[in-house]
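First to last, the protein sequences are chains B and Y. Counting from 1, one number per residue, gives the positions in the first sequence under the UniProt record's numbering. Counting from 1, one number per residue, gives the positions in the second sequence under the UniProt record's numbering. First comes the structure, then the notes that go with it.
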Amino acid sequence: MLLPLLRRLLQLVGIVLAIAVLDFILLKSLPGDLVDVIASESGSVTPEYLAELRRLYGLDRHYLEQLVAYIGRLAQGDLGFSFRYGEPVFGLVLDRLPTTLALVGAALTLSVAVGLLLGIAAARRPHGVTDTLISGLSTLGYSAPLFWIALMLIVLFGVKLGWLPIGGIRDVSARHSGWRGSLDVVHHLILPVATLSIYYVAVYARLSRASMIDVLTEDYIRTARAKGAREGRVIFGHALPNAVLPVLTMLGVQSSALLGGSIVVETVFAWPGLGQLSFEAIKSRDIPVLLGVLLFSAVLVVLSNLLVDLVQMWLDPRVRRPRTASAAEPRARTEQPGRLA
Amino acid sequence: MRRWYLQPSILVGGATLLAVAGAALAAGTLYPDDPLDMVGAPFTWPGTEAATPLGTDLMGRDLLAGLMHGARISLLVGLSSAFVSLLIGVLVGATAGFYGGGIDATLTRITELFQTIPAFLLAIILVAILKPTVVTIVFALGVTSWTSVARLVRGEFATLRERDFVRASIALGAGDLHLIFREILPNAWTPVIVSTALLMANAILSEAGLSFLGLGDPNVVSWGSMVGLGRDALRTGWYMTAIPGLAIVLTILGLNLLSDALHGALNPRLRRSRS
């Protein structure tokens, strides 16, 4: 039980270090450095003053020394300074994190629940009418770019029907407070969550269909049917716990794609989370902010993989040992490339 | 069993892609002028003017011309970055699976690292740092989406290298390069080919996403940038957003159908359950 946990934590440290190095390389590959930015903002400065500044910030030292200093600063939670906001990146990112987690969390919960149900319904009779309908729709959902789904939902529900707000997190003019305020936020959350879910429902429906079809051919299912278990019990009691394992693995793998997808969705809906912060940073080429978001997202992905591991250990006795059994490995389909945007 | 290539999904998917490729090829002859030029009155709805059958955008540019020229960029970026990913993925996967041991462990760690980083975000950062051009976009998408190929190829190599025909070849004194490229790789292509269609689909989607966010090559017209522009006129002329978006959906749908059908046809386990 403890070993995989420890392994993940070590992995976390390794990945943060590796990304720190990557961040550093990317920062250094930018044309110009911090001092150039200061110089361009202040107007007239002498070359001596610039050299003095470079010494002050340690920019004249060897790259390796700078790298060590950079990692040291990261360890203290110093992710650098945003050119545009004039604030430390760490605080900026931390401020936006809960908003993104709310969006991604709601979308994920909804997609897994709906996707599993659709997948089960489709797997009951492969290539039957229900399956053809569900598989066809999920292929369609799988093929549409998120930003386009978002815009079309805005046209339909925001502009034509006028049912839902088309952007932001709360109605600024109404100034709701208390539970009405929360209701307002939920109201604003519907379209972004629906956008992300349309795609991820399709993903999980496909995946759980394949996995359910696999599991339903196993001997223990036939045994369960032979001893007279009801269909509902066979599906939900016997088959589902095993069929859900590859779905869970995929969930861990996809958490990084989900964060990528939320950039586009947050941008379209002006949802003030990490994605929108990244978009603002792209526009003003505020690279330190982008690198901070990158580091944070990677940590989030490792943590969610850790969570998936724990849930899998709880569900599947075969995985309780360190991951040697093939049970935790995704099946063929999940080895296919994940989606980026 | 029916011939595998006569499945409806292969026919529909293939026909869609052929149409897109045809549009890309015909773009130069049908619309030799720059698709970014103004040709008619802005906000012309589709079907109202014979000269611009799909209407014009908010700057009076022909949507159909844009779509056909955009097909070139989508296919170009899709094919080239899928190629870059395949190249990196096959190299990393083959080396890791073939040599095993410490090399495998290191390469697997690197692959895991790239799986952990949100690929789209890294692609955004790379394009933002390198300045957006078609070449940098292909590079950024290629270096961020090779991990699945590497894992696939690694798996294939790890099992194939223990097979008798490989051992026989070793016994005959074959070198590593011969074993990798002449013996094992030809037998590991199947899953790679299937995932190529998906790689292309992802690359086209990501390119559209990048140019939608304003990180596309500013000198060429792309479906994503058309959607991004149309967004400014969402209330009055939603067709400007809908039409280029539909082009993306159809192209990706074609690739996904093709990939599904290939997956089914080349995977004997699935084939049996299908017939």
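We treat Cβ as the ideally placed atom computed from N, Cα and C, and that holds for glycine.
So what's Asp-37 (chain Y) in DSSP terms, helix, strand or just coil?
Along the second sequence, read from residue 1 onward, the residue named residue 37 (chain Y) stands at position 37. Of the three classes helix, strand and coil, the one that applies to Asp-37 (chain Y) here is coil, per DSSP.
Which same chain residues end up closer than 8 Å to Gly-181 (chain B) when comparing Cβ atoms and leaving out the 5 residues on each side of it in sequence?
Residue mapping note: residue 181 (chain B) aligns to position 181 of the first sequence, counting from 1. Hits under 8 Å: Arg-170.
Would you say Gly-77 (chain B) lies against chain Y (beta-carbon separation less than 8 Å)?
On the first sequence, residue 77 (chain B) is found 77 positions in, with the first residue counted as 1. Not one chain Y Cβ lies under 8 Å of Gly-77 (chain B).
Expressed to the nearest angstrom, what Euclidean distance is found between the alpha-carbon atoms of Thr-48 (chain Y) and Phe-120 (chain Y)?
Locating residue 48 (chain Y) in the second sequence gives position 48, where the first residue counts as 1. Locating residue 120 (chain Y) in the second sequence gives position 120, where the first residue counts as 1. Their Cα atoms are separated by approximately 39 Å.
Secondary structure at Asp-62 (chain Y), three-state DSSP: helix, strand or coil?
On the second sequence, position 62 is the one that residue 62 (chain Y) refers to. Strand.
Pull the bridge partners of Pro-88 (chain B) from the DSSP assignment, please.
Locating residue 88 (chain B) in the first sequence gives position 88, counting from the first residue. Answer by DSSP bridge pairing, in chain order: B:Phe-81.
Could you compute how far the alpha carbon of Ser-256 (chain B) sits from the alpha carbon of Leu-172 (chain Y)?
Translated into the one-based positions of the first sequence, residue 256 (chain B) becomes position 256. Translated into the one-based positions of the second sequence, residue 172 (chain Y) becomes position 172. About 46 Å.
With a Cβ-Cβ cutoff of 8 Å, do Ile-137 (chain Y) and Leu-294 (chain B) count as a contact?
On the second sequence, residue 137 (chain Y) is found 137 positions in, with the first residue counted as 1. On the first sequence, residue 294 (chain B) is found 294 positions in, with the first residue counted as 1. Result no, Cβ atoms of Ile-137 (chain Y) and Leu-294 (chain B) do not sit closer than 8 Å.
CB of Ser-262 (chain B) to nearest heavy atom of the ligand SAM: below 7 Å?
Because no ligand of any kind appears in the structure shown, any question about the ligand SAM cannot be addressed here.
Closer than 8 Å, CB to CB, is Ala-23 (chain Y) near chain B or not?
Within the second sequence, numbered from 1, the residue matching residue 23 (chain Y) stands at position 23. No, because no Cβ of chain B sits closer than 8 Å to the Cβ of Ala-23 (chain Y).
Return the chain-ordered list of same chain residues with a C-beta closer than 6 Å to the C-beta of Tyr-142 (chain B), the five sequence neighbours on each side being excluded.
Residue mapping note: residue 142 (chain B) aligns to position 142 of the first sequence, counting from 1. Excluding sequence neighbours, Tyr-142 (chain B) sits near Ala-202.
Please tell me whether Phe-212 (chain Y) has its Cβ less than 8 Å away from any Cβ of chain B.
As a position in the second sequence, residue 212 (chain Y) is number 212, starting the count at 1. It does: the Cβ of Phe-212 (chain Y) has a partner Cβ on chain B nearer than 8 Å.
For Lys-283 (chain B), would you say it is in contact with chain Y, using Cβ-to-Cβ distances shorter than 8 Å as the test?
Numbered from its first residue, the first sequence carries residue 283 (chain B) at position 283. Yes, Lys-283 (chain B) counts as interfacial toward chain Y.
In terms of alpha-carbon separation, which member of B:Val-155, B:Ala-150, B:Lys-227 and B:Thr-217 lies closest to Ile-198 (chain B)?
For this step, residue 198 (chain B) is matched to residue 198 along the first sequence. With distances taken between Cα atoms, Ile-198 (chain B) lies closest to B:Ala-150.
Name the two residues that bound the continuous alpha helix (DSSP H) containing Ala-239 (chain B).
What you label residue 239 (chain B) is simply residue 239 of the first sequence in a count that begins at 1. It is not in any alpha helix (DSSP H) - Ala-239 (chain B) carries neither H nor E in the DSSP assignment.
Measuring CB to CB, does Leu-116 (chain B) end up less than 8 Å from Tyr-204 (chain B)?
As a working note, residue 116 (chain B) is residue 116 in the first sequence. As a working note, residue 204 (chain B) is residue 204 in the first sequence. Their beta carbons are under 8 Å apart, which means Leu-116 (chain B) touches Tyr-204 (chain B) by this criterion.
Quick one: is Gly-158 (chain B) buried, meaning 16 or more other Cβ sit within 10 Å of its Cβ, or exposed?
By 1-based counting over the first sequence, the position of residue 158 (chain B) is 158. Burial call: buried.
Are three or more beta carbon pairs between the region 20-37 of chain Y and the region 64-79 of chain Y nearer than 8 Å?
The region 20-37 of chain Y is in contact with the region 64-79 of chain Y.
Taking only the alpha-carbon atoms, compute the straight-line gap between Leu-251 (chain B) and Leu-307 (chain B) and give it to the nearest angstrom.
The residue you call residue 251 (chain B) lines up with position 251 of the first sequence. The residue you call residue 307 (chain B) lines up with position 307 of the first sequence. Cα to Cα, Leu-251 (chain B) sits roughly 10 Å from Leu-307 (chain B).
Have a look at Ile-71 (chain B) and Arg-84 (chain B) and give me their C-alpha separation to the nearest angstrom.
For the purposes of this step, residue 71 (chain B) is identified with residue 71 of the first sequence, where counting begins at 1. For the purposes of this step, residue 84 (chain B) is identified with residue 84 of the first sequence, where counting begins at 1. In a straight line, the C-alpha of Ile-71 (chain B) is about 23 Å away from that of Arg-84 (chain B).
Taking Leu-146 (chain B) as the reference, which of B:Thr-267, B:Glu-218 and B:Thr-249 has the closest Cα?
Indexing the first sequence from 1 puts residue 146 (chain B) at position 146. It is B:Thr-267.
Determine the direct distance from the alpha carbon of Ala-140 (chain Y) to that of Glu-288 (chain B), and round the result to whole angstroms.
Position 288 of the first sequence, counted from the first residue, corresponds to residue 288 (chain B). Position 140 of the second sequence, counted from the first residue, corresponds to residue 140 (chain Y). At residue 288 (chain B) the sequence reads Pro, which differs from the Glu that was named. Pro-288 (chain B) and Ala-140 (chain Y): Cα-Cα distance of roughly 19 Å.
Measure the beta-carbon distance from Ile-252 (chain Y) to Ala-197 (chain Y) and round it to whole angstroms, keeping in mind my assumption that it falls under 8 Å.
Counted from its first residue, the second sequence places residue 252 (chain Y) at position 252. Counted from its first residue, the second sequence places residue 197 (chain Y) at position 197. In fact, because the Cβ distance is near 10 Å, the residues do not count as touching under 8 Å.
Identify the contact partners of Ser-211 (chain B) in chain Y, using a Cβ-Cβ distance below 7 Å as the criterion.
Walking along the first sequence from the start, residue 211 (chain B) turns up at place 211. Residues of chain Y passing the Cβ test: none, with the nearest at roughly 13 Å.
For Pro-98 (chain B), does the count of other Cβ atoms within 10 angstroms reach 16, so buried, or fall short, so exposed?
To locate residue 98 (chain B), count along the first sequence from 1; it is residue 98. When all chains shown are included, Pro-98 (chain B) counts as exposed.
Along the chain, where does the alpha helix (DSSP H) containing Gln-115 (chain Y) start, and where does it finish?
As a first step, residue 115 (chain Y) is located in the second sequence; it is residue number 115 there, counting from the start. 101-116 is the extent of the alpha helix (DSSP H) around Gln-115 (chain Y).
Cα separation between Tyr-63 (chain B) and Phe-24 (chain B)?
By one-based count along the first sequence, residue 63 (chain B) stands at place 63. By one-based count along the first sequence, residue 24 (chain B) stands at place 24. Cα to Cα, Tyr-63 (chain B) sits roughly 10 Å from Phe-24 (chain B).
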